[in-house]
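**Student:** In the numbering used here, the protein residues as written are 92 to 280. Beta carbons: idealized from backbone N, C-alpha and C, even for Gly. Remember, predicted model here, so these are calculated numbers, not experimental data.
1) Measuring alpha carbon to alpha carbon, tell me which residue in 156, 206, 235 is nearest residue 165.
2) Is the beta carbon of residue 203 closer than 7 Å to that of residue 151?
3) Using the rule of at least 16 other Cβ atoms within 10 Å of the residue's Cβ for burial, across every protein chain shown, is residue 100 buried or exposed?
4) Between the Cα of residue 184 and the Cα atoms of 124, 106, 258, which residue gives the shortest distance?
5) Counting C-beta neighbours from all protein chains within 10 Å, is the total for residue 190 16 or more, i.e. buried, or is it exposed?
6) Do residue 241 and residue 106 have their C-beta atoms within less than 7 Å of each other?
7) Would you tell me roughly how many angstroms separate the C-alpha atoms of residue 267 and residue 134, rounded to the nearest one?
8) Going residue by residue through the segment 117–196, where are the continuous alpha helix (DSSP H) segments of at least 4 residues, counting only ones entirely within it?
9) Using DSSP bridges, identify the partner residues of residue 254.
10) Am I right that residue 207 and residue 129 are in contact with their C-beta atoms under 8 Å? What's the rounded C-beta distance?
11) To the nearest angstrom, how far is it from the Cα of residue 121 to the Cα of residue 103?
12) For residue 142, count neighbouring C-beta atoms within 10 Å of its own C-beta (all shown protein chains included) and say buried if the count is 16 or more, exposed if not.
13) So residue 232 is in the alpha helix (DSSP H); what residue range does that whole segment cover?
14) Rounded to whole angstroms, how far is the Cβ of residue 139 from the Cβ of residue 176, which I believe are closer than 8 Å?
15) With a 10 Å radius around its C-beta and 16 neighbouring C-beta atoms as the bar for buried, classify residue 173 as buried or exposed.
16) So the candidates are 162, 136, 179; which of them puts its Cα closest to the Cα of residue 195?
17) Rounded to the nearest angstrom, what separates residue 232 and residue 132 at their Cα positions?
18) Check residue 213 in the structure and name its three-state DSSP category.
19) How close, in whole Å, do the beta carbons of residue 160 and residue 188 come, if the pair is a contact with beta carbons under 8 Å?
20) By how many angstroms is the C-alpha of residue 119 removed from the C-alpha of residue 110?
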């Protein structure tokens, strides 16, 4: 799959390894893509610095970690003239137990609004018909094409353009591989 942005290969490798480790612990995952920023008419849009948006994101993640079904996340801070400081994030949902992301999206959006005291907005990056990669579906650990699609999304998070001088990002810890259940078979297609 062709990618139109120059990559930060070190960050890309970390995000892809993180996703692989999540698939080692969970047989099925869904990815929810959300962008976070401040409303243009808010005080935070003009005054927020790297410390404020990082603190707000940390508070968001603390609360998202309490949502049953969210098993991982990754986010990257960027800066651009149009949106100033903003965050590109992915949240991983346990696809063995959930098949839709909508309720998670609503909960996370509400948390961001509360954390930013109404000055933040969250944008749900929903799959569009013209996207080459269709996300927000359950992807099994052995679904090679599906996992490549998720990797394409992560490569966007790891792009060089709009990065801050010092790369600011975070990804979740991954639990130890759960024991029990059936042994996985590798499909050869």
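**Tutor:** Taking the coordinates as given:
1) 156
2) For residue 151 and residue 203, yes; Cβs fall inside 7 Å.
3) By the neighbour-count criterion, in which a residue is buried when 16 or more other Cβ atoms sit within 10 angstroms of its Cβ, residue 100 is exposed.
4) 124
5) exposed
6) no
7) Each residue's alpha carbon lies about 42 Å from the other.
8) 134–138, 141–155
9) 169
10) 7 Å
11) 19 Å
12) exposed
13) Counting along the chain, residue 232 falls outside any alpha helix (DSSP H), and DSSP gives it neither H nor E.
14) Confirmed, Cβ separation roughly 6 Å.
15) Note on residue 173: under 16 other CB atoms within 10 angstroms of its CB, so exposed under the neighbour-count rule.
16) When only C-alpha atoms are compared, the closest one is 162.
17) 43 Å
18) strand
19) Sure, about 6 Å apart at Cβ, within 8 Å.
20) 12 Å
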